[in-house]
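Undergrad:
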Amino acid sequence: VELSLLGERLPAEKALEWGLVNRVVDDAALAEETKKLAHDLANGPTVALSLIRRLYWESENNSFEEQLDLEQQFQRVAGRSEDFKEGVGAFLEKRPAKFKGR
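Structure below.
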């Protein structure tokens, strides 16, 4: 609360320590780290990633039970996707997955 009320600057390392950010990088590495993160997201299982985002979004207005029901529903959708099959296959074959967003 103090941080909100006083509006003081918060050093990046302290924000990381408090769990307010996921990582801290030097200014010189920021562009490269941003590109890598964007690449990883774009080449990831986009069906599952979009469902995860929707779960976060819907959680704001859902009861706990509604959220669990929605998660169960989305697990079914994700588990039937081509990306899920590719992810499991890649894991078993010890190779990088090639997701297609389906």
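Per the UniProt record's numbering, residue 1 is the first one in the sequence shown, and the count goes up by one each step. Beta carbons are placed, not taken as given, at the ideal position from N, Cα and C, and that holds for glycine. Since this is a predicted model, take the numbers as computed values, not measurements.
Of the choices Glu66, Arg76, Glu71, Leu51, whose alpha-carbon is the least far from that of Gly101?
TA: Out of Glu66, Arg76, Glu71, Leu51, Leu51 has the C-alpha closest to the C-alpha of Gly101.
Undergrad: Check whether the segment 38-48 and the segment 9-20 are in contact - that is, three or more C-beta pairs closer than 8 angstroms.
TA: Contact fails: fewer than three Cβ-Cβ distances are below 8 angstroms.
Undergrad: Locate the alpha helix (DSSP H) running through Gly19, then write down its first and last residues.
TA: First-last for Gly19: undefined, no H or E at that position.
Undergrad: List the whole-angstrom C-beta distance separating Leu68 from Leu55, where the pair is believed to meet the contact cut-off of C-beta under 8 angstroms.
TA: Contact flag wrong, Cβ pair sits at about 10 angstroms.
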